[in-house]
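S.K.:
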Amino acid sequence: MSLAFSASQQLDLPVVSEADRLPAYLDDEQRVVQALLDPKQLEPLGPGRYRYTVSQVKVFQLRIQPVVELQVVRRNGRLELEALDCQLEGLGLVEDFRLGLCSWLAAADGGLTGEASLSVTVSRPTLLQLIPPKVLEATGRSVLGGILLGIRTRVSHQLLGDFQRWCRSS
């Protein structure tokens, strides 16, 4: 039996100073990606492509470490980030795992707007057969929501801090 769960988060973040420079900042895709994601866990694979080793997640007694291949594209004034592939390291119990990630950031009047959606479809590991599917799905939604909240925090702290440094240096 497969489990499926998802979560999404919207962003509307005011930028007080130099908001008019946000489009130029977002054009520097590698800099933005490194501000959004931990550079120590990020491996460039080529133009617009990265491998990101997500921090280990503990769900029940399982420790899972997703490794996600990402594609970043600048389209229609937005910086779009999408998961192309995902592997789970340290978990040989799951036969079928699919991760969906679609997110974008854009400069808006006076700030940044964006949205991120995560979804997971996974076969139910034998180890978790005794736990009701609704409990597993609720836990999955909670884990995804926590990941999105972490990304939102990185946008509001890391990305805006990097944007301010970029403004001062250029």
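Heads up, the sequence shown is in the numbering used here, so the first residue is 28 and it goes up one at a time. Even for Gly, the Cβ is constructed at its ideal location relative to N, Cα and C. Everything numeric in this text was worked out from a predicted model, so none of it was measured.
Check each candidate in Gly172, Cys113, Leu186, Leu63 and name the one with the smallest Cα separation from Ser144.
M.R.: Here the closest residue by C-alpha is Gly172.
S.K.: What residue from Ser169, Leu126, Ala134, Val162 has the CA that sits closest to Gln149's CA?
M.R.: In the sequence on display, residue 149 carries Val and not Gln. Residue Leu126 is the option with its Cα nearest to Val149.
S.K.: Distance, Cα to Cα, Gln37 vs Arg168?
M.R.: Distance between the alpha carbons of Gln37 and Arg168: 16 Å.
S.K.: Put Glu45 into one of helix, strand or coil per three-state DSSP.
M.R.: Three-state result, Glu45: coil.
S.K.: Can you tell me the Cα-Cα spacing of Val99 and Glu56, whole angstroms?
M.R.: Going by the C-alpha atoms only, they are around 7 Å apart.
S.K.: For a minimum of 4 consecutive residues, which ranges assigned as the alpha helix (DSSP H) are wholly contained in the stretch 58–146?
M.R.: Runs of the alpha helix (DSSP H) inside the stretch 58–146: none found.
S.K.: CA-CA distance, Gly137 and Thr180?
M.R.: If you take the alpha carbons of Gly137 and Thr180, they lie about 19 Å apart.
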